[in-house]
Amino acid sequence: MSEKKNKPADAVANIVSLAKRRGFVFQSSEIYGGLNGCWDYGPLGVELLKNIKEEWWKFMTYRDDVEGLDASILMHPKVWEASGHVENFTDPMIDCKQCKARFRLDVLGDSINEKKKEKALAELKNDFKDDASILSKIENKIKNPGDDDPFNLLLEDEQVGKTLLSKLNCPQCGNANTFTDARMFNLMFKTFVGPVEDSGSVVYLRPETAQGIFVNFLNVQSSARQKIPFGIAQIGKAFRNEINTKNFLFRTREFEQMEMQFFINPSADEKWYYYWKEQRINWYKSLGMTEQKLRFHDHEPEKLAHYAKAATDIEYEFPFGWGEIEGIHNRKNYDLTRHEQFSGKSMKYFDDESKEKYIPYVIETSAGASRSFMAFLIDAYYEEEVNGEMRSVLRFHPRLAPIKAAIFPLVNKDGMPEVSREIEKDLRRNFKVFYDDKGAVGRRYRRQDEAGTPFCITVDTQTLEDKTVTVRDRDTMVQERIAIDQLTRYLSDKLLA
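Here this note's numbering is used: the first residue of the sequence shown is 4, the next is one more, and so on.
Next comes the structure, spelled out in structure tokens:
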């Protein structure tokens, strides 16, 4: 057997093709041409997504110091004023006057090839050759960009950004010098409650699930009789009116978050920040994600969000580069303090042990369910040559696999279909299983390999004699005989491993 290695573009294209072919993900409203940045999860996709969320929920809430919550998507508009989203949740946007395409200024450089960027930078330096201070700034940003793209840093610079932009062609239509000045664009979706669309009825589709947790902090703490330190977790939809969506499921306008806010004594913030960093990266590893494709990306102090004391991203190495799949943040007491100020309700907690009253600090873990889905899907995808044929397989951890087992009769006669159906009926009480009697067994194996099904059960002639079946392992392709009455236990043991 030999493994086939793909180029990054090929790898993403293969995943998108497989995702549609096997029913993981479809483009939303496809029969009408689709809606950019919106996706539908098909039969296998909805199972994989559900399994990811269930594993997260068990890991995060099946402990004595974390409670669950499901807050409303629509909230009082003052929530978003208090959180800073109305004022600060913006991206710099530019338009092409010619083709009307819109771009985020801070990532425009990602759409320009290297040769064109080098040419534009050379022209920029020439324009400012007589201004030593600006020329020094340009050189410094190029040589010391930190974790950022130096070209994008220069595009955002107040002194040189506009000049640099004038030297670029639109990535969409190719015309030169057609960009508008940058303006800030709020990413929240605005809507209205009630029959009258006026300023008094404005509400927003939530851009994050965290604020629903913060406003319910005292409700959960008192009703669950929790003491600090404790957390509140929830899974739910969030919406961001992204200027540009890209990379399949990586950046979309509608997505699902898996968030937990852990409330602590301010003096213990570093301890819990590092604790949750390790807990969260180990969760991905425990579900089979390749360790070498995971890393922490710590935010530099000057790059921190307005609410954060410290922040790190858990990044996965996608075919298009490293990308965030989860953020861990020390949010201090920013959110609770703001909600206390805007609502007039005290958010202070009385600590029985220290006999002091304080507004807790918060350590946040914020994972994207959709991005986790994409990372697990890409990480599981594998191609190899077996007996002169290519085999595509999704090597999901068994607990994540959409289908746990497939049942095949070797042939559609001699009582094998009837026995197979009985096995299917019995296993379906505990597992998501699939019955397939179409085509050669080898072809059926290949279909299940692409679906990520860890075990295939074949009823054959020997089954009718000794009530055993062949169980084939997806990854090793090794087969073993298992008694029919031991199948449930066999699968349970494998899924708990």
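From the three backbone atoms N, C-alpha and C, an ideal C-beta is built for every residue, glycine too. In this text the structure is predicted, and so the values were computed from the model without any measurement.
In this structure, does DSSP put residue i in helix, strand or coil?
i    : result
S5   : Low confidence applies to S5: its pLDDT is 47, below 50, so where it sits in the model is not reliable enough to give any reading.
Y65  : coil
R484 : strand
T473 : strand
E305 : helix
N172 : strand
A227 : coil
H332 : strand
T166 : helix
T456 : coil
A125 : helix
Whole angstroms is fine: what's the gap from residue i's alpha carbon to residue j's?
i    : j    : result
Y277 : G234 : 15 Å
V436 : S423 : 12 Å
I426 : I231 : 49 Å
F188 : K132 : 33 Å
G45  : S31  : 11 Å
V82  : I55  : 29 Å
R450 : D184 : 52 Å
N172 : D160 : 19 Å
N247 : N143 : 29 Å
F411 : N390 : 22 Å
S495 : A486 : 14 Å
R341 : G203 : 22 Å
L107 : M96  : Leu is not the amino acid found at residue 107; the sequence shown has Arg there. Computed Cα separation, rounded: 5 Å.
M4   : A443 : At M4, the pLDDT of 46 sits below 50, so the modelled position is not reliable; the number obtained from the coordinates is stated separately. Using only the alpha carbons, I get a separation of about 22 Å.
E483 : E392 : 23 Å
V163 : V110 : 16 Å
Which one or two residues does DSSP pair with residue i in a beta bridge?
i    : result
L297 : Y319
Q30  : W42
H79  : For H79, which the question treats as bridged, DSSP gives no partner whatsoever.
C99  : F182
Output needed for residue i: all residues of its chain with C-beta closer than 6 Å, excluding positions within five of it in sequence on either side, in chain order.
i    : result
T64  : G71 and A236
Y438 : I410 and E427
A104 : Q175
P153 : K144 and I145
Q101 : C176, N178 and T181
Comparing C-alpha positions only, which one of the options sits nearest to residue i?
i    : options                   : result
A271 : A123, V365 and C99        : V365
F434 : K407, E305, T368 and L403 : K407
L307 : R298, W286 and I331       : I331
E356 : K240, I267 and V481       : I267
T456 : E57, E259, A383 and S375  : A383
T461 : A311, L490 and D478       : L490
H88  : F220, K348, S375 and V206 : V206
S375 : Q260, E211, K170 and N155 : Q260
G48  : N129, K351 and L252       : L252
L77  : I137, D94 and V196        : V196
In its own chain, which residues sit with a C-beta less than 7 Å from the C-beta of residue i, not counting the 5 before and 5 after it?
i    : result
F265 : P232, G234, W275, W279, V365 and I366
G40  : E245, T248, T255 and R256
Note down, in chain order, each residue of its chain lying with its Cβ closer than 8 Å to the Cβ of residue i, except the 5 sequence neighbours on either side.
i    : result
D440 : F411, P412, N415, P420 and S423
D488 : K470
E294 : K288
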